[in-house]
Structures are given as C-alpha cells and as structure tokens.
Amino acid sequence: MGNKILIVDDQYGIRILLNEVFQREGYVTYQAANGMQALEIARKHHPDLVLLDMKIPGMDGIEILKRLKEIDPDIKVIIMTAYGELDMIQETKELGALMHFAKPFDIDDLRVAVKKYITA
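Here the sequence shown is numbered in UniProt numbering, starting from 1 and rising by one per residue.
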C-alpha cells in the first residue's frame, strides 16, 4: 500500500484537486473539511503526511496541528495558507510543521515537497 496523505481544507475545490494529483502519484489520500474530521481520520488511518490549511472554520490550523501532534508526535505536516502572516507561520514551525505554501501555490512545488518529506 502507498504512503498515506491527509488533505485538510474547507475549500472543496482545493481538496478535490489535491486528492486527484496525489492519487495519480500513487498515494492513498484522505480528505477532511474541518478539524474534527481531520483528527478522526488521523486517529483511524495514521497518515504519513498532512497537508493542512490554516484558515478552517471552527478549529483553526494551529489548533489542528497541536492536536495532530498529540495523536502522533512524528506526523509530518505541511501548511497551506492564504495568509502572509509570518507570526502564524512561525508558530506552526515551532509546533513542528515542516514548511508552508502560500496560496495560490504551484502544484508541482507541492508535489516535490510531499515526495521529499514523505520518503524522508
């Protein structure tokens, strides 16, 4: 079975696009539209890597990241954000996020980063 990626974004279109791209690359993908779904999937399926949007209604990306790390301290997380908020990005790095992509991002750059970190 391939490596598992969890895509967490409240925007349906982005989830579908990323899902398609990474399934085509041979990954097993899961999608979550909110924090509760993301945590439930993380507990059940133990993804190797999470693509996490920062701006999610109900539970923001920082809170989701903290809780993901409680479930699995070694989980790999790449942040996706529409914000240019450096303080938030800095906080995610302190919490263990590997890197961030500002939207709109180049899908090929994201593919390369996922491949690099998921096999590391």
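The beta carbon of each residue, even a glycine, is placed where N, CA and C say it ideally should be.
Check whether the Cβ atoms of LYS4 and PRO57 sit closer than 7 Å, and answer yes or no. Here LYS4 is not near PRO57, since their CB atoms are 7 Å or more apart.
With DSSP run on the structure shown, which of helix, strand or coil describes residue 131? Residue 131 cannot be examined here, being either before or after the span of the chain that is shown, 1 to 120.
For VAL112 versus LEU52, is the C-beta distance shorter than 7 Å? Against a cut-off of 7 Å, the Cβ pair of LEU52 and VAL112 comes out as no contact.
Kindly give me the distance between the Cβ atoms of PHE101 and MET80, rounded to whole angstroms, as I take these residues to be in contact under 8 Å. Under the criterion of beta carbons closer than 8 Å, PHE101 and MET80 qualify as touching, at roughly 5 Å.
Which residue marks the beginning of the alpha helix (DSSP H) containing MET88, and which one marks its end? It spans 86 to 94 - the alpha helix (DSSP H) in which MET88 sits, taken as one unbroken run.
How many angstroms separate the CA atom of GLU40 from the CA atom of ILE71? Cα-Cα distance, rounded: 10 Å.
Limits of the unbroken beta strand (DSSP E) element including ASP53: Unbroken beta strand (DSSP E) run through ASP53: 49 to 53.
In chain order, what residues of the same chain have a beta carbon less than 7 Å from the beta carbon of LEU98, not counting five sequence neighbours either side? Cβ neighbours of LEU98 beyond the five flanking positions: LYS76, VAL77, ILE78, TYR117.
Going by DSSP, name the residue or residues bridged to LEU6. Looking at the DSSP output, LEU6 sits in a beta bridge with TYR30, VAL50.
In its own chain, which residues sit with a C-beta less than 8 Å from the C-beta of residue 206, not counting the 5 before and 5 after it? Any answer about residue 206 is impossible in this case: the structure gives the chain only from 1 up to 120.
Restricting to Cα atoms, I'd like to know which of GLN37, GLY61, VAL28, ALA120 is closest to ALA82. Answer by Cα proximity: GLY61.
Does the distance from the CB of ASP10 to the CB of ALA42 come in under 7 Å? Contact check for ASP10 against ALA42 fails: the beta carbons are separated by 7 Å or more.
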